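Notes for the one structure printed next.
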Amino acid sequence: MANSPQAKKRARQNERRLEVNKARRSRIRTELRKVEEAIASGDKDAATAALRAAQPELMRGVSKGIYHKNTASRKMSRLSARVKVLG
1 MANSPQAKKR
11 ARQNERRLEV
21 NKARRSRIRT
31 ELRKVEEAIA
41 SGDKDAATAA
51 LRAAQPELMR
61 GVSKGIYHKN
71 TASRKMSRLS
81 ARVKVLG
């Protein structure tokens, strides 16, 4: 248990960041799932639109420290390659 005022404050901040990051991570996963579903349905236009919507969300996660830059780049690369194949 946190005893010093500083440790108590850090505990409060960590709880708040956890909630914010959880919401962001959830929003990113939702966007990625939309891309996956569009790819599975075989609709290239919907998949392209979903990919365009997911990209800034994923990069925002990188800037906020939720994902590593290379992880986000790898996800985008693999998804865009799968969308391209739909052609």
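Heads up: the sequence shown at position 66 corresponds to 66 in UniProt numbering, and the numbers run straight through without jumps.
Each residue gets a CB set at the ideal place from its N, CA and C atoms; glycine is no exception.
Because the structure is a prediction, the values reported are computed rather than measured.
- Burial check for Ala47: the Cβ neighbour count within 10 Å reaches 16 or more, so the residue is buried.
- The DSSP-derived three-state label of Ala7 is helix.
- Taking 8 angstroms as the cut-off, the Cβ atoms of Lys69 and Leu32 do not count as close.
- For Ile39, same chain residues with a beta-carbon under 6 angstroms away, outside a window of 5 residues either side, are Ala47, Arg82 in chain order.
- For Met1, there is no enclosing alpha helix (DSSP H), as DSSP gives it neither H nor E.
- Between Arg78 and the set Glu19, Thr30, Gly42, Glu36, the nearest pair of CA atoms involves Glu36.
- For Lys64, the secondary structure class from DSSP, reduced to helix, strand or coil, is coil.
- Taking a C-beta distance under 8 angstroms as the contact criterion, Leu58 and Ser80 do not qualify as a contact pair.
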